[in-house]
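Some notes on the structure that comes next.
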Amino acid sequence: MRNFAVVGSGPAGFYTAEALAKAYGENARIDILDRYPVPYGLIRFGVAPDHQSLKAVSKRYDKVAESAGVDFIGNVTVGADISIAELLGLYDAVILATGAPHDRKLGILGEDLPGVVGSAEFVGWYNGHPDFADLDPPLDGTHAAVIGNGNVALDCARILSKTRHEFEASDIVGHALEALDQAAIRTVTILGRRGPHQIAMTPKELGELGHLEASSPVVDIADFPPVEADEALEPGQRKSITILREFAATPPDAAKPKRMVFDFFAKPLRIEGDGKADRIVVERTELDEKGAARGTGETYEVPASLVITAIGYSSSPIPDVPFEGGKFVNEQGRISDRLYAVGWARRGPTGTIGTNRPDGYEVAEQIAAAMPPGTDRDRPGAEGLKQLLQSRGIMPTDYDDWRKIEETEVANARPGSPREKFVRPHEWLSVLGR
Ligand SMILES: Cc1cc2nc3c(=O)[nH]c(=O)nc-3n(C[C@H](O)[C@H](O)[C@H](O)COP(=O)(O)OP(=O)(O)OC[C@H]3O[C@@H](n4cnc5c(N)ncnc54)[C@H](O)[C@@H]3O)c2cc1C
Numbered sequence: 003m004r005n006f007a008v009v010g011s012g013p014a015g016f017y018t019a020e021a022l023a024k025a026y027g028e029n030a031r032i033d034i035l036d037r038y039p040v041p042y043g044l045i046r047f048g049v050a051p052d053h054q055s056l057k058a059v060s061k062r063y064d065k066v067a068e069s070a071g072v073d074f075i076g077n078v079t080v081g082a083d084i085s086i087a088e089l090l091g092l093y094d095a096v097i098l099a100t101g102a103p104h105d106r107k108l109g110i111l112g113e114d115l116p117g118v119v120g121s122a123e124f125v126g127w128y129n130g131h132p133d134f135a136d137l138d139p140p141l142d143g144t145h146a147a148v149i150g151n152g153n154v155a156l157d158c159a160r161i162l163s164k165t166r167h168e169f170e171a172s173d174i175v176g177h178a179l180e181a182l183d184q185a186a187i188r189t190v191t192i193l194g195r196r197g198p199h200q201i202a203m204t205p206k207e208l209g210e211l212g213h214l215e216a217s218s219p220v221v222d223i224a225d226f227p228p229v230e231a232d233e234a235l236e237p238g239q240r241k242s243i244t245i246l247r248e249f250a251a252t253p254p255d256a257a258k259p260k261r262m263v264f265d266f267f268a269k270p271l272r273i274e275g276d277g278k279a280d281r282i283v284v285e286r287t288e289l290d291e292k293g294a295a296r297g298t299g300e301t302y303e304v305p306a307s308l309v310i311t312a313i314g315y316s317s318s319p320i321p322d323v324p325f326e327g328g329k330f331v332n333e334q335g336r337i338s339d340r341l342y343a344v345g346w347a348r349r350g351p352t353g354t355i356g357t358n359r360p361d362g363y364e365v366a367e368q369i370a371a372a373m374p375p376g377t378d379r380d381r382p383g384a385e386g387l388k389q390l391l392q393s394r395g396i397m398p399t400d401y402d403d404w405r406k407i408e409e410t411e412v413a414n415a416r417p418g419s420p421r422e423k424f425v426r427p428h429e430w431l432s433v434l435g436r
């Protein structure tokens, strides 16, 4: 029997567990560890609450967790509660699937002013992440700005623009719903350093903006190259540009009180305000020969008492694991003997949920090649882990505990909403009588 520990219960962790279970069958036990008693990583804490169909991928992960030989062990923070060396003593291989939970910094003046928040914080706040439950973003001003030209920036801008009615059937947490319902924000400006052809936004997410109840997208046709240039784009990107061109050709709906303004070729220079964010000083850019943004020297101000930066993420280092450029140093997923990385912890924060699948399968293949199914090494696995944690006063949770938590969340849901998430570990744990 082989024992494997997958650290992190997001998509990458679950795809890896699934691949290992397939490769080893009855010849391995796979434990998926997570710092929280609730699984699924960014499926729970990142993917937008009004995109429920995407969150349904967790049903597939449920099946993995329920399969013989796979266990979920929550409430264990690797690197703090237990070291990597200790885990490698207990398991035949350890696979880090810890994601990339930290916001990349802009590195400009005023970034630390109150009112400037990272997208991980803002997204965590509306998605019930325990670290950000008390964020209390300022929503009392009329102008907000989101810096970044990817789907996370779109998520943030859309959530700021929706009405209470549009959140029906979502699992946005109650505190965020109430605060957003009272918000004064009328204009959300999305700033990108380059132009429409360089966006990392996908057609589905852009298309939604044309159907918001209270907000109209505003796009300037002068930002586009001649329409013939669209031919050179790959089909998905071409679709996105077509949608943006349609927005540019449609005057904002006068019956809608809010605007979502796309400000392309806009490089934030600094954030200013009297003790809190009030405006962004922006430099107009143009594309250089290599397609990078080059400042033109022309500056202007974008009013914003809430500034959300959505320019990418980095992983958390873990003591004694080589770490560089925001992720674990690895070669095709292998970090060192019996230690591997998958998902965002391996590649950095790019790609969709499905992109993490091949990662997991590739690493499982490498492990199966290094320790073929049927070969044995008597490491203690979960039993040893639980003993060690107990000796440190740490009480791990299991998959049945998660189901109890989930049942209570579903029972507490607002009418029409799939669940009302608990936002703090003590609330989860009190459901379990701990
Ligand atoms: C705001 C946002 C919205 C997104 N929306 C979409 C979308 O609509 N569609 C789409 O396809 N993709 C979307 N993505 C991308 C998708 O969420 C990622 O591709 C995916 O979640 C990455 O998986 P992962 O397993 O590597 O990391 P994660 O999902 O982050 O999982 C990491 C897990 O590791 C745990 N962990 C971390 N450190 C430790 C530790 N030290 N000890 C124990 N456990 C630990 C965490 O608690 C977490 O459960 C979105 C991403 C973000 C940020």
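Counted the way my numbering counts, the sequence shown spans residues 3 to 436.
From the three backbone atoms N, C-alpha and C, an ideal C-beta is built for every residue, glycine too.
Would you say residue i touches ligand 1, meaning its beta carbon is less than 6 Å from a heavy atom?
i, result
"Trp346", "yes"
"Asp361", "no"
"Gly314", "no"
"Arg37", "yes"
"Val220", "no"
"Ser11", "yes"
"Val425", "no"
"Ala295", "no"
"Asn358", "yes"
"Ile355", "yes"
"Ala343", "no"
"Val49", "yes"
"Thr100", "yes"
"Gly81", "yes"
"Leu246", "no"
"His366", "Note that residue 366 is Ala in the sequence shown here, rather than His. No; taking the cut-off as 6 Å, the Cβ of Ala366 has no heavy atom of ligand 1 nearer than that."
"Gly438", "The structure shown does not extend to residue 438, since the chain spans only 3 to 436, so no value can be given for it."
"Val125", "yes"
"Ala14", "yes"
"Val283", "no"
"Val263", "no"
Where residue i and residue j are concerned, what is the direct C-alpha to C-alpha distance, given to the nearest angstrom?
i, j, result
"Leu341", "Asp64", "25 Å"
"Asn29", "Met203", "43 Å"
"Val148", "Lys423", "26 Å"
"Pro427", "Phe226", "48 Å"
"Thr399", "Leu208", "40 Å"
"Val412", "Ser338", "42 Å"
"Val96", "Ala343", "8 Å"
"Phe325", "Pro319", "6 Å"
"Pro51", "Ser172", "5 Å"
"Val118", "Leu271", "14 Å"
"Glu248", "Pro132", "40 Å"
"Lys278", "Gly126", "22 Å"
"Arg359", "Gly197", "31 Å"
"Ser69", "Asn5", "15 Å"
"Gln54", "His167", "16 Å"
"Val190", "Glu236", "28 Å"
"Gly297", "Val283", "13 Å"
"Arg31", "Ala370", "13 Å"
"Val72", "Gly12", "15 Å"
"His40", "Ile407", "The question names His, but residue 40 in the sequence shown is Val. Each residue's Cα considered, the two are about 8 Å apart."
"Glu215", "Lys258", "7 Å"
Use the C-beta contact count for residue i: other C-beta atoms within 10 angstroms, 16 or more gives buried, fewer gives exposed.
i, result
"Glu180", "exposed"
"Leu111", "exposed"
"Pro116", "exposed"
"Lys292", "exposed"
"His145", "buried"
"Leu44", "buried"
"Arg20", "It is Glu, not Arg, that sits at residue 20 in the sequence shown. That one is buried."
"Arg379", "exposed"
"Gly212", "exposed"
"Ala256", "exposed"
"Ser60", "buried"
"Val304", "buried"
"Asp402", "exposed"
For residue i, list the residues DSSP reports as bridge partners.
i, result
"Met262", "Val190 and Pro219"
"Glu284", "A quick correction: the sequence has Val, not Glu, at residue 284. DSSP output for Val284 lists Pro270 and Tyr302 as bridge partner(s)."
"Gly152", "Ala202"
"Glu326", "Lys329"
"His145", "Thr189"
"Tyr342", "Ile97 and Arg336"
"Val72", "Ile32"
"Gly297", "Thr287"
"Gly120", "Thr311"
Give the C-beta separation of residue i and residue j to the nearest angstrom, bearing in mind that I take them to be a contact with Cβ-Cβ under 8 Å.
i, j, result
"Phe124", "Ile313", "Not quite, the Cβ-Cβ distance comes to about 13 Å (not below 8 Å), so this is no contact."
"Trp2", "Gly48", "A question about residue 2 goes unanswered here, because the residues of the chain that appear run from 3 up to 436."
"Thr100", "Gly10", "4 Å"
"Arg188", "Arg261", "7 Å"
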